[in-house]
Amino acid sequence: MAEKYSEKILSRSIDPATHEMLARAEELGLETAWERYEAQLPQCGFGELGVCCRNCNMGPCRISPFEDGPKLGVCGATADIIVARNLIRMIAAGAAAHSDHGRDIAHTLLLTAEGKGGGYEIKDEAKLNALAAEYGIETEGRSKEEIALDLARAVYAEFGKQEGPIQFTRRAPEKRVALWQSLGIDPRGIDREIVEIMHRTHIGVDNDPVNLILQGLKASVSDGWGGSMVATELSDVLFGTPTPVRSEANLGVLKADQVNIVAHGHEPTLSEMIVAAAQDPDMLALAEKQGAKGINVVGMCCTGNEIVMRHGIPIAGNFLQQELAVITGAVEAIIVDVQCIMPALGALTGCFHTKFISTSPKAKFPGATHIEFHEERAFEIAKDIVRAAVENYALRKPDMVRIPDEKMECVVGFSVEAIVSALGGTLDPLLDAIKGGAIKGIGAVVGCNSVKVQHDYGHVRLLEELIKNDVLIVTTGCNAIAAAKAGLMLPEAAERCGEGLKAVCKALGVPPVLHMGSCVDISRILVACAAIANALGVDISDLPAAGAAPEWMSEKAVSIGAYVVSSGVFTVLGTVPPVLGSPVVTEVLTQGANDVVGAAFAVETDPFKAAQLMIDHINVKRQALGI
Ligand code: NFS
266 MAEKYSEKIL
276 SRSIDPATHE
286 MLARAEELGL
296 ETAWERYEAQ
306 LPQCGFGELG
316 VCCRNCNMGP
326 CRISPFEDGP
336 KLGVCGATAD
346 IIVARNLIRM
356 IAAGAAAHSD
366 HGRDIAHTLL
376 LTAEGKGGGY
386 EIKDEAKLNA
396 LAAEYGIETE
406 GRSKEEIALD
416 LARAVYAEFG
426 KQEGPIQFTR
436 RAPEKRVALW
446 QSLGIDPRGI
456 DREIVEIMHR
466 THIGVDNDPV
476 NLILQGLKAS
486 VSDGWGGSMV
496 ATELSDVLFG
506 TPTPVRSEAN
516 LGVLKADQVN
526 IVAHGHEPTL
536 SEMIVAAAQD
546 PDMLALAEKQ
556 GAKGINVVGM
566 CCTGNEIVMR
576 HGIPIAGNFL
586 QQELAVITGA
596 VEAIIVDVQC
606 IMPALGALTG
616 CFHTKFISTS
626 PKAKFPGATH
636 IEFHEERAFE
646 IAKDIVRAAV
656 ENYALRKPDM
666 VRIPDEKMEC
676 VVGFSVEAIV
686 SALGGTLDPL
696 LDAIKGGAIK
706 GIGAVVGCNS
716 VKVQHDYGHV
726 RLLEELIKND
736 VLIVTTGCNA
746 IAAAKAGLML
756 PEAAERCGEG
766 LKAVCKALGV
776 PPVLHMGSCV
786 DISRILVACA
796 AIANALGVDI
806 SDLPAAGAAP
816 EWMSEKAVSI
826 GAYVVSSGVF
836 TVLGTVPPVL
846 GSPVVTEVLT
856 QGANDVVGAA
866 FAVETDPFKA
876 AQLMIDHINV
886 KRQALGI
């Protein structure tokens, strides 16, 4: 197979479906993110080092890495100050994105509780009651709507709170909370910490790199244990807590004889309704009238993760495959809301019959048809969107259709609740397996794709290496999709593990790589870590656990990295963050943080070496625990 494609194409990805579509793009003379990346080369060296400052109009300033170049910005800012400011602005953007997603879900719960949600219902009452108890909300003798109303209001208030604490942060082990408090990084309110970053990084405010980084960590904690956790928990209340379900992944899930709808973006408020509308008898009848054998909704990026986890809806691909889905010529509509959606889709869909439908008032795109989504009329609008897709089927050009055969089965849906239930109702079997050494430790592998590295190579090789060494994996985001495509989310993947992990997976009938959801669902990983740490009577930083983001690229990933490290988990980055222009910031992130939050970052682009770093770390922690 491999020889069919040029060296260039093979160097871009390890995924056969991606090779096939890149070759098709070449044939049609279409450009993708890879060509646009090449056109950008060489990328700005100052930007790569993080030493460019545009925070006031006396600039832009940049600090020269060379002996004879300027070492100060016009205001006197050093490389250390500029890099720290730029870094925490990335955290602010990432935390804002996750948290605004969480806010939208809280809003939907509020509308639903008030009877104004256009088709939503409360699907997981047990979770609603558990969350209500956490918030001290009375549940006895009250309707689920009454409880949900109080819960939605209480959670909504977390965003604008001035004095904290954010309730879910108290799920962290006591020692961790005490540490955050002593460092002054226990967040007061979700929005407040993000705003304070913007204030402190304005010209002439905070000019101490360490003080700046601490505020970055504080905002990141308000994301991981705040906004993201709100998104996850309230989504479970509204749409159901995921349980294991079988599905398929990769571009081969598109169907030649059906209306194909790609749901792309992040918030399940939209995708849940698209899934429901596509099953509506009126829509199915319309599809039949158009000559289609059905309506095939597939997911892309984290929206894909949300609907695969809850409904087994197949997932077409991860971040770098969004353009490739369109290039199949078989997509009637790509429906988007917010985040990780390439504006390039506008021009690209223009070359096909594909409709590019934007839905969020927050996210408009050139070349898109905007059908604005409002939760109050959710189902009705979702039907309008699905109708537009179905009616587009007749315009499909059969000679333009090239759907790769490539797809892989997967088992997904491992919420913390589902993991505990797979273990027979308690965490004990997992703890015993860790203590006994059958499972050496836990690897949390997450994050995006980036054109700077070979697509899916870092993800898949790192996972393979870790499971071979008996490290159980929990994953989310675009890493999870890479794992699904590579067959690592099948119980049969136990055969690719070391003997210890293999035996555990076989006994439980689970894959060695557990799909825990979208990127906001990294909050599920935090909850799992807290539960394990509490069961062992230690802090998260004592656990034989390590994190990695082998192909990260987004600002959300920077916030994630920051809150994972702030929570005590050593994290390996597979692409280099723009901080190397500052010796102080680089030292704090890779060394100093150990003495402050009990964890730090490493940067390692080679997944085999990254795996070794994680395994070494896990072994050190095992030794310290005496296991
Ligand atoms: Ni995460 Fe989801 Fe993927 Fe990266 Fe983007 S889809 S929220 S940011 S690219 S993993």
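In my numbering, the protein residues as written are 266 to 892. Positions of the beta carbon are idealized from the N, C-alpha and C atoms, including for glycine.
Asked	Found
Nearest candidate by alpha-carbon position, reference residue 305, set 389, 716 and 407	716
Cβ-heavy atom distance, residue 822 to the ligand NFS, below 8 angstroms	yes
Close Cβ partners of residue 654 (< 7 angstroms) along its chain, the five nearest in sequence each way excluded	524, 526, 597, 598 and 620
Residue 604, buried or exposed, once every other Cβ within 10 Å from all chains shown has been counted against 16	buried
Extent of the continuous beta strand (DSSP E) to which residue 565 belongs	560-565
Segment contact flag, the segment 472-486 with the segment 758-773, C-beta cutoff 8 angstroms, min 3 pairs	no
beta-carbon residue 494 near the ligand NAP non-hydrogen atom, thresh 8 angstroms	The ligand NAP is not part of this structure, which contains only the ligand NFS.
Rounded distance between the beta-carbons of residue 360 and residue 449, thought under 8 angstroms	In fact, because the Cβ distance is near 17 angstroms, the residues do not count as touching under 8 angstroms.
Coarse secondary structure for residue 794, derived from DSSP in three states	helix
Segment contact, 8 angstroms Cβ cut-off, at least three pairs: the segment 422-436 with the segment 493-512	yes
Inter-residue Cα distance where the pair is residue 559 and residue 366	31 angstroms
Three-state secondary structure assigned by DSSP to residue 639	coil
Run of the beta strand (DSSP E) containing residue 513, from where it starts to where it stops	510-514
Residue 857: CB within 8 angstroms of a non-hydrogen atom of the ligand NFS	no
Residue 308 CB to nearest heavy atom of the ligand NFS below 8 angstroms	no
Three CB pairs or more closer than 8 angstroms across the segment 867-880 and the segment 744-754	no
For review: beta carbons within less than 5 angstroms of any heavy atom in the ligand NFS	566, 567, 584, 605, 713, 742, 743, 784, 819 and 821
Cut-off 6 angstroms between Cβ atoms - residues of its own chain near residue 377, not counting five sequence neighbours on either side	385
Three-state secondary structure (DSSP) of residue 419	helix
Limits of the unbroken alpha helix (DSSP H) element including residue 855	Here residue 855 belongs to no alpha helix (DSSP H), and DSSP marks it neither H nor E.
Residue of 639, 790, 618 and 638 minimising C-alpha distance to residue 632	618
Buried or exposed (CB count within 10 angstroms, at least 16 for buried), residue 571	buried
N-terminal and C-terminal residue of the beta strand (DSSP E) that residue 673 is part of	673-677
Buried versus exposed, by CB contacts within 10 Å (16 or more), residue 331	exposed
Spatial distance of residue 660 from residue 602 (CA atoms)	24 angstroms
Proximity below 9 angstroms, CB of residue 815 to CB of residue 839	yes
Burial state of residue 323 (16 or more Cβ within 10 Å)	exposed
Euclidean distance between Cα positions of residue 504 and residue 784	17 angstroms
Residue 626 versus 315, 313, 645 and 640, residue with shortest Cα-Cα distance	640
Residues near residue 666 in its chain [Cβ-Cβ closer than 6 angstroms; skip 5 each side]	594 and 595
CB contact flag (residue 396, residue 502, <9 angstroms)	yes
Backbone secondary structure at residue 686 - three-state DSSP	helix
Beta-carbon contacts of residue 463 that lie in its chain and below 7 angstroms, excluding the five residues immediately before and after	357
Residue 809 versus residue 725: straight-line alpha-carbon distance, rounded	21 angstroms
Whole-Å CB distance - residue 282 paired with residue 671, under 8 angstroms assumed	4 angstroms
Beta strand (DSSP E) segments (min. 3 residues) lying fully within the segment 694-766	706-710 and 736-740
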